[in-house]
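The structure appears below as C-alpha cells.
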Amino acid sequence: MTILEQKLSFDRIIEKVESARLRVNNHHIVKIVAASKYVDADAIASLYAIGQRAFGENKVQDLKTKSETLDDLPIEWHFIGSLQKNKINQLLAINPHLLHSIDSVELAHALNDRLKREGKTLRALVQVNSAYEESKSGFSPEEFIDQYEQIRETCPQIHLQGIMSIGAHTDEENIVKKSFETTRKLFEQLKGANTCSMGMSGDFTLAIECGSTMIRLGSVLFPKG
Ligand SMILES: *Cc1c(COP(=O)(O)O)cnc(C)c1O
1 MTILEQKLSF DRIIEKVESA RLRVNNHHIV KIVAASKYVD ADAIASLYAI
51 GQRAFGENKV QDLKTKSETL DDLPIEWHFI GSLQKNKINQ LLAINPHLLH
101 SIDSVELAHA LNDRLKREGK TLRALVQVNS AYEESKSGFS PEEFIDQYEQ
151 IRETCPQIHL QGIMSIGAHT DEENIVKKSF ETTRKLFEQL KGANTCSMGM
201 SGDFTLAIEC GSTMIRLGSV LFPKG
C-alpha cells in the first residue's frame, strides 16, 4: 500500500469510530489501540507517522523488541495478551502504559510484589470472560466484581483502571452484543474505573455502541499487501 492509500484507509476507520461514538453521545470518547502483533516495527512507524500513538502487543518478547527498535518515538505501549508469571520482570522493565489482561488473583499478587520491590506502579485492567468461552482467559462475569475488588484492595502498586474483554467468537451479532453488554454492566459497577476495553476489527462499531471506551484494532489497521 502507498502512504496515501494507508492514510485513506485509516481515515475510513476513524470515521466509523467517530460515527459509532456519536451514536452513544457527543461526550463518549473512544481510544484506539493498534494491535500490532501481525506487523514489524516499520509498519508501526508508518502508522505512527499518520497519527496513531497507542500500540499493543500480545507477547512480551515482541513488545520488548519493537519498543526498543522504536525507542525514539513517544509511542504509548499497551500489553494486551495473556501474561505468564515468568515474564513479569521483562514486562515491567518496558514500563508499559497499560496492561489489559490481569486474569487471576495470583498474577495480580505476583505483579504487586515485583512492583513493590522496584518501587513502581502499573496501570492495569482486569479481564472478564463475558462470552463464557473455554479458550479465553479472564474471570467469569459472576465472580468478576469480587475479584476486582480483592485485587484493588490487596495490590496497591497496581492502579486498576477498569475492564477488558474479547467479544464472543461467533458471527451471530446478538451473542456478541450480549457479551459486550455484560462487560459494560460490570464496568459500570466498578469504583473509579475509566476504561472499558472491548472491540476488535470485526466488532468494534458494535462494541462502541455497547459502551466501549477503548478498542483494540489489528487486521483492519494493517491490511495485507
Ligand atoms: C490481536 C488482538 C486484537 C486485534 O485483533 P483484530 O481482530 O486483528 O483486530 C485485539 N485484542 C487482542 C487481545 C489481540 O490479541
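For reference, each letter of the sequence shown is one residue, going 1 to 225 in the numbering used here.
Glycine included, every Cβ here is placed at the ideal spot set by N, Cα and C.
Meets three-Cβ-pair contact criterion under 8 Å: the stretch 116 to 131 and the stretch 158 to 175: They touch, by the three-pair rule.
Length-filtered (4 minimum) alpha helix (DSSP H) runs lying within the stretch 98 to 136: Entirely contained in the stretch 98 to 136, the alpha helix (DSSP H) runs reaching 4 residues are, in chain order, 105 to 118.
Three-state secondary structure (DSSP) of Ile-75: Assignment of Ile-75 by DSSP, reduced to helix, strand and coil, places it in the coil class.
C-beta atoms of Ala-35 and Leu-217 nearer than 8 Å: Remark: C-beta atoms of Ala-35 and Leu-217 approach each other more closely than 8 Å.
Burial state of Gly-162, where buried means 16 or more other Cβ atoms lie within 10 Å: Counting other Cβ atoms within 10 Å of its Cβ, Gly-162 reaches 16 or more and is therefore classed as buried.
Contact the stretch 149 to 160 vs the stretch 95 to 115: 3+ CB pairs below 8 Å: As far as the Cβ criterion goes, the stretch 149 to 160 touches the stretch 95 to 115, which means the pair count is three or higher.
Residues near Ala-45 in its chain [Cβ-Cβ closer than 8 Å; skip 5 each side]: So the list reads Leu-70, Leu-73, once near-sequence residues are dropped.
8 Å CB neighbourhood of Lys-59 in its chain, flanking five on each side removed: So the qualifying residues of the chain are Lys-37, Gly-81.
CB of Leu-122 within 8 Å of CB of Leu-111, strictly: Yes; because the gap between Cβ atoms is below 8 Å, this pair is in contact.
Supposed close pair Lys-31, Met-200 - CB separation, criterion 8 Å: 14 Å between Cβ atoms; not a contact.
Lys-66 and Ala-41 closer than 8 Å at C-beta: Inclusion of Lys-66 and Ala-41 in the CB contact set at 8 Å is warranted, their separation being smaller than that value.
Heavy atom of ligand 1 within 7 Å of Ser-212 beta-carbon: Within 7 Å of the C-beta of Ser-212 there is not a single heavy atom belonging to ligand 1.
8 Å Cβ shell around Arg-53 - same chain, five flanking residues per side excluded: These residues qualify, in order along the chain: Pro-74, Ile-75, Glu-76.
C-alpha gap between Lys-185 and Asn-26, whole angstroms: Lys-185 and Asn-26 have their alpha carbons spaced roughly 20 Å apart.
Cβ-heavy atom distance, Ile-166 to ligand 1, below 7 Å: Yes, the Cβ of Ile-166 comes within 7 Å of a heavy atom of ligand 1.
Leu-217 beta carbon near ligand 1 (any heavy atom closer than 7 Å): For ligand 1, at least one heavy atom lies less than 7 Å from the Cβ of Leu-217.
CA nearest to the CA of Ile-145, picked from Lys-136, Glu-173, Lys-191: Nearest of Lys-136, Glu-173, Lys-191 to Ile-145, Cα basis: Lys-191.
Residues that DSSP places opposite Ser-212 in a beta bridge: Answer is none; Ser-212 lacks a bridge partner.
Lys-31, enclosing beta strand (DSSP E) - first and last residue: First-last of the beta strand (DSSP E) with Lys-31: 31 to 35.
Sheet register partners of His-159 (DSSP bridge): His-159 pairs with Arg-123.
CA nearest to the CA of Val-220, picked from Gly-211, Asp-203, Glu-209, Ser-212: Check the Cα spacing between Val-220 and each of Gly-211, Asp-203, Glu-209, Ser-212: the tightest is with Asp-203.
Limits of the unbroken beta strand (DSSP E) element including Ala-43: Ala-43 -> not in any beta strand (DSSP E); alpha helix (DSSP H) instead, spanning 41 to 49.
Cα-Cα separation between Val-255 and Ile-3, rounded to whole angstroms: Outside the shown range of the chain (1 to 225) lies residue 255, about which nothing can therefore be said.
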